[in-house]
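For reference, the structure is listed below as C-alpha cells.
Residue numbers (the working numbering): 6 to 160.
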C-alpha cells in the first residue's frame, strides 16, 4: 500500500510542478523586455529539464543504494516552503492590475459606447474548463514519462 501512496504522491508532485513551470514561464515573459525575454524563458526551460534529469538520477541512486526516500521528501518540502514565500512576495504586473479600466478609457477615447463593449464576447467570455483540463494533462505527459523511465531503470 505504501508503494502506491508514494507513487501517487510523486505523480501529484510532478503534475503540480508542471503547473508552476508554466506559471513561471508566463511571469518571466511578462516581466522581461524583448531582447532578454528569449534567453530568460529558454533558460527556465533548460533548467527545468535539467532538474528533471537530476531528479531521475537521484531517484536511481537512492533506490540503488537503499537510501531513505524521506530525505528527498524533506528536501521537496523545504523547496515548497521557499516557493510559497517567493510566490507571496512577487509583484503583480502593472499591465494586468488595471487592464479593464484602461480598456474602458481607450474605448471612451475612441468614441465607442462602453455598453457595446460589455456585450462583446471577448469581454464576457468564460474560461473553457475542458480546454484547461486538456492543456493540463498535455503538460503532465513529461513527468509521467520521467516516472516510467525511472520505473524502467529500477526494474
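C-beta atoms are modelled at their ideal positions from N, C-alpha and C, and glycine is treated no differently.
Please report the distance separating the alpha-carbon of residue i from that of residue j.
i: residue 44; j: residue 37; result: 10 angstroms
i: residue 136; j: residue 54; result: 25 angstroms
i: residue 63; j: residue 152; result: 13 angstroms
i: residue 154; j: residue 147; result: 11 angstroms
i: residue 22; j: residue 112; result: 39 angstroms
i: residue 105; j: residue 96; result: 19 angstroms
i: residue 124; j: residue 116; result: 16 angstroms
i: residue 81; j: residue 91; result: 15 angstroms
i: residue 132; j: residue 67; result: 42 angstroms
i: residue 7; j: residue 41; result: 46 angstroms
i: residue 58; j: residue 48; result: 15 angstroms
i: residue 238; j: residue 16; result: Outside the shown range of the chain, which is 6 to 160, sits residue 238, and nothing can be said about it.
i: residue 35; j: residue 157; result: 39 angstroms
i: residue 130; j: residue 121; result: 14 angstroms
i: residue 126; j: residue 114; result: 21 angstroms
i: residue 94; j: residue 139; result: 30 angstroms
i: residue 103; j: residue 87; result: 29 angstroms
i: residue 14; j: residue 65; result: 17 angstroms
i: residue 70; j: residue 9; result: 21 angstroms
i: residue 79; j: residue 39; result: 38 angstroms
i: residue 107; j: residue 30; result: 25 angstroms
i: residue 56; j: residue 75; result: 19 angstroms
Pick out whichever of the options has its Cα sitting closest to the Cα of residue i.
i: residue 20; options: 141, 154, 132 and 157; result: 141
i: residue 61; options: 117, 40 and 77; result: 77
i: residue 25; options: 89, 70 and 40; result: 89
i: residue 18; options: 149, 157, 7 and 158; result: 149
Can you give the beta carbon distance from residue i to residue j, rounded, assuming they're within the 8 angstroms contact cut?
i: residue 46; j: residue 33; result: 5 angstroms
i: residue 27; j: residue 144; result: 6 angstroms
i: residue 167; j: residue 119; result: In the structure as shown, the chain begins at 6 and stops at 160. Residue 167 is therefore absent and cannot be evaluated.
Open item on the list: Extract the residue ranges of the alpha helix (DSSP H) inside the stretch 21-79, only unbroken runs of 4 or more that lie entirely within it.
Closed with: Fully enclosed alpha helix (DSSP H) runs of 4 or longer: 39-69.
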